[in-house]
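Presented below is the structure to which this report refers.
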Amino acid sequence: MTTSSFSYKQFFHGNSVMIIVPHEDDEINMAGATIWGALQEGLEVRVVFLTNGDYEYPFDVRRNEVYQMAKEIGLAKENIIFLGFGDFIGHEIIYDKSTVITSHANHNQTYGADFTSLVMSKPKPYSWNGIVESLIDVILYFKPDTIIATDYDTHVDHRLCALTVESAMEWIIKHTEFRPQLLKGFAYATGYETIDDYYNNHLLSTLINKKALPSDEFSTGNPTLSWIHRLRISVPKACREKKLIQNPIFKAMASHVSQQAYKRGSRLINGDQIFWKRRTDNIALYADITVSSGEAKYLNDFLRFNTVDVNSNTYDAHHYMWIPSADDTECKVHITFTETTPIQVVQLFGSVHNSGELCSIRIENSAGKHVQLDEIIHMGQGISYIFDQPLLLEWIDIYIDKRCLGLSEIELYSISNDVYDYCHILADNHFMYDWVVYPGEKIPMITPYIESIRKEMLTYRESEQENTYRWLINGKYIDESVLQILIEQELTTKPLQLRLESNDGSIFCEGTIRKGTFKDWFILKWNQLQDKLAYIQVKSKYKKGFKAAQAYK
Numbered sequence: 003m004t005t006s007s008f009s010y011k012q013f014f015h016g017n018s019v020m021i022i023v024p025h026e027d028d029e030i031n032m033a034g035a036t037i038w039g040a041l042q043e044g045l046e047v048r049v050v051f052l053t054n055g056d057y058e059y060p061f062d063v064r065r066n067e068v069y070q071m072a073k074e075i076g077l078a079k080e081n082i083i084f085l086g087f088g089d090f091i092g093h094e095i096i097y098d099k100s101t102v103i104t105s106h107a108n109h110n111q112t113y114g115a116d117f118t119s120l121v122m123s124k125p126k127p128y129s130w131n132g133i134v135e136s137l138i139d140v141i142l143y144f145k146p147d148t149i150i151a152t153d154y155d156t157h158v159d160h161r162l163c164a165l166t167v168e169s170a171m172e173w174i175i176k177h178t179e180f181r182p183q184l185l186k187g188f189a190y191a192t193g194y195e196t197i198d199d200y201y202n203n204h205l206l207s208t209l210i211n212k213k214a215l216p217s218d219e220f221s222t223g224n225p226t227l228s229w230i231h232r233l234r235i236s237v238p239k240a241c242r243e244k245k246l247i248q249n250p251i252f253k254a255m256a257s258h259v260s261q262q263a264y265k266r267g268s269r270l271i272n273g274d275q276i277f278w279k280r281r282t283d284n285i286a287l288y289a290d291i292t293v294s295s296g297e298a299k300y301l302n303d304f305l306r307f308n309t310v311d312v313n314s315n316t317y318d319a320h321h322y323m324w325i326p327s328a329d330d331t332e333c334k335v336h337i338t339f340t341e342t343t344p345i346q347v348v349q350l351f352g353s354v355h356n357s358g359e360l361c362s363i364r365i366e367n368s369a370g371k372h373v374q375l376d377e378i379i380h381m382g383q384g385i386s387y388i389f390d391q392p393l394l395l396e397w398i399d400i401y402i403d404k405r406c407l408g409l410s411e412i413e414l415y416s417i418s419n420d421v422y423d424y425c426h427i428l429a430d431n432h433f434m435y436d437w438v439v440y441p442g443e444k445i446p447m448i449t450p451y452i453e454s455i456r457k458e459m460l461t462y463r464e465s466e467q468e469n470t471y472r473w474l475i476n477g478k479y480i481d482e483s484v485l486q487i488l489i490e491q492e493l494t495t496k497p498l499q500l501r502l503e504s505n506d507g508s509i510f511c512e513g514t515i516r517k518g519t520f521k522d523w524f525i526l527k528w529n530q531l532q533d534k535l536a537y538i539q540v541k542s543k544y545k546k547g548f549k550a551a552q553a554y555k
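Residue numbers (the numbering used here): 3 to 555.
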């Protein structure tokens with residue numbers, strides 16, 4: 003039996019979470035199991051749709067599908083919010099941010115019971131500022147404890163969502179005291195277009211479909227986010243249901259009948275959900291930054307990269323980076339604070355494209371604790387330096403050498419870790435719940451996932467971080483160095499109870515592992531066959547819904 007100390011309320015830093023997605027179905031693609039889990043724990047969940055999804059179908063069709071989705075997962079109808087922008091307008095809006103766009107559905111301002119018309123009594127124009135202002139309005143109106151927003155997928159509207167959410171957050175951080183937790187996730191490569199491994203012998207964790215990525219140069223759709231540094235959380239038991247048509251994630255996804263989403267439902271059933279965190283307590287955002295040459299404005303605008311062409315997967319550094327002039331012999335960034343400020347973490351981002359050049363960075367500060375970082379291969383996905391303790395600083399200077407093109411963002415934090423800590427047991431790097439080793443399979447490698455020691459990027463530390471977790475097998479403490487050996491020695495058809503816990507026992511995860519018999523394997527495959535037959539039967543209902551929707555195209 004699987005148990006865990008994980009809590010959505012603690013993970014979300016409170017009782018409310020806002021999901022911001024571009025289209026009607028992306029909420030399940032990106033965060034279906036997380037929405038379900040938060041609702042089951044009694045949290046206030048609001049889903050905000052950036053567009054009306056009206057490129058192929060009228061808004062009424064997409065809206066009614068959302069209401070059916072909400073019914074399937076228990077989401078209150080009043081917590082569904084439409085911002086009312088046009089579908090497939092991302093390229094035009096980003097290319098010319100000053101222009102008002104007329105959409106494919108022949109609208110140039112928000113409509114369809116949209117948030118700004120209902121709450122602010124006036125629709126917003128289809129423009130860059132219109133979208134950013136709508137996002138600012140809806141975020142500040144509800145003030146959620148956590149925001150989960152769609153990041154830079156291949157679809158132009160997903161890219162529009164990613165960039166406008168970050169621009170809205172920049173304004174909120176610089177002009178208000180509100181500091182929500184911000185998580186970013188993908189709806190395509192880890193959702194709609196991910197690998198369908200539902201009928202594997204095991205419940206596998208979310209995989210990224212490399213064929214769905216815009217470029218093999220990057221490990222995710224966002225060139226500043228690394229797959230190996232992803233944040234992972236567990237999935238509620240109901241969302242691990244192996245009878246497909248009874249799984250709430252399948253039923254919610256299948257509600258979007260005009261999108262034939264029932265065909266994709268099984269892809270979303272995995273052992274974990276994947277996000278990346280963007281901290282909103284970056285002190286550099288309201289520090290005074292000057293440079294020896296070039297444009298300082300890019301260094302604290304909350305955007306780690308930017309583009310004027312969302313159809314391109316090549317990013318011009320001049321659109322998002324501070325680049326010192328060719329004759330600049332200093333290549334220096336000077337950061338000053340209005341008052342003495344504690345700083346423990348320095349994070350730096352550079353060009354997303356790897357030039358292959360090794361570069362060096364020197365960090366000096368008013369406390370006299372200087373840092374030299376040499377042979378840095380690439381900074382597109384960030385580098386982080388963590389001091390053992392926060393330093394009380396009046397200023398920081400950052401010097402780069404000539405081999406380093408420049409910097410795209412500087413992030414400074416007063417503490418190294420503001421996360422809620424939790425853990426999970428991994429079996430061959432998959433989130434483990436109750437694992438059966440079937441005949442012919444190897445015993446999986448058992449390792450820990452511990453959020454507090456997960457690195458968000460390439461990280462340098464003044465001192466190494468200590469491991470404060472321990473292992474138990476069947477209630478007995480064991481040394482981590484012999485964990486795998488003992489599992490292999492003691493594994494039988496009777497479940498072994500594994501427990502990973504913090505030293506004080508307050509944070510824990512438990513799961514079981516056992517050997518399976520040929521009978522177990524036969525039962526698994528028989529149940530999967532029955533499940534496929536049940537899916538074929540229910541599929542006809544969704545096909546009829548799809549055909550009915552065609553009349554509205």
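C-beta atoms are modelled at their ideal positions from N, C-alpha and C, and glycine is treated no differently.
Rounded to whole angstroms, the separation of the alpha carbons of His25 and Thr118 is 18 Å.
For Asp290, the uninterrupted beta strand (DSSP E) run begins and ends at 290–293, by DSSP.
Cα atoms of Met434 and Ile427: separation of roughly 6 Å, rounded to the nearest angstrom. Ser327 is not a Cβ neighbour of Ser362, given a cutoff of 7 Å.
Excluding its 5 nearest sequence neighbours in each direction, Gln467 has C-beta neighbours in its own chain below 8 Å: Ile455, listed in chain order. Contact annotation: the segment 236–243 touches the segment 32–43, with at least three C-beta pairs closer than 8 Å. Looking from the CA of Leu394, the closest CA among Leu407, Gly384, Ser416, Ile385 belongs to Ser416.
The continuous alpha helix (DSSP H) containing Ala35 extends over residues 28–42. Taking C-beta separations shorter than 7 Å and ignoring five residues to either side along the sequence, the partners of Tyr537 in its chain run Leu246, Ile247, following chain order.
Per DSSP, reduced to three states, the secondary structure at Pro250 is helical. In the displayed model, Cys511 falls within a strand according to three-state DSSP. With distances taken between CA atoms, Ser136 lies nearest to Pro125 out of Pro146, Lys145, Pro125. Bridge partners of Gly187 according to DSSP: Thr152.
Residues Val293, Ile400 of the same chain have their beta carbon placed closer than 6 Å to that of Val335, with the five preceding and five following residues left out of the count. Taking a 10 Å sphere around the C-beta of Met447, we find fewer than 16 other C-beta atoms and assign the residue as exposed.
Your pair Asp420 and Ile509 does not check out as a contact, with CB atoms roughly 16 Å apart and the cut at 8 Å. At a cut-off of 3 residues, the continuous stretches assigned as beta strand (DSSP E) that sit fully inside the segment 423–458 are 425–429, 436–439, 448–452. In the assembly as shown, Ser465 is an exposed residue. Its beta-carbon has fewer than 16 other beta-carbons within 10 Å. By the criterion of a C-beta distance shorter than 8 Å, Phe548 is surrounded in its chain by Val259, Ser260, Gln262, once the five residues flanking it on both sides are discounted.
Counting C-beta atoms within 10 angstroms of its own C-beta, Pro225 has 16 or more neighbours from the protein chains shown and is therefore classed as buried.
Counting along the chain, Glu172 sits inside the alpha helix (DSSP H) bounded by residues 158–177. About 10 Å separates the Cβ atoms of Phe14 and Ile235, ruling out a contact at the 8 Å cut-off.
Nearest neighbour of Arg472 by Cα position, chosen from Gly88, Ser483, Arg232, turns out to be Ser483. DSSP places Asn367 within a strand segment (E or B) once states are collapsed to three.
DSSP places Ile235 in the uninterrupted beta strand (DSSP E) bounded by 233–236. If you check the CB distance, Arg269 and Glu411 do not come in under 7 Å.
A direct Cα-Cα distance of roughly 19 Å separates Val121 from Ile21. When only Cα atoms are considered, Glu179 and Lys517 end up about 54 Å apart.
With fewer than 16 other Cβ atoms from the protein chains shown falling within 10 Å of its own Cβ, Leu360 counts as exposed. The way I'd put it, the segment 153–160 does touch the segment 214–230; three or more beta-carbon pairs between them come closer than 8 Å.
A distance of 7 Å or more separates the beta carbons of Val312 and Gly55. For Asp274, the enclosing beta strand (DSSP E) covers residues 274–280.
For Arg501, DSSP records a beta bridge to Leu474, Glu512. By the Cβ criterion, the segment 163–176 is not in contact with the segment 195–206, since fewer than three pairs of Cβ atoms, one from each stretch, lie closer than 8 Å. Leaving aside the five residues that flank Ala369 on each side, the residues in its chain whose CB is nearer than 8 Å to its CB run, in chain order, Leu393, Leu394, Leu395. In this structure, Asn249 lies away from Ser207, with their beta-carbon atoms at least 7 Å apart.
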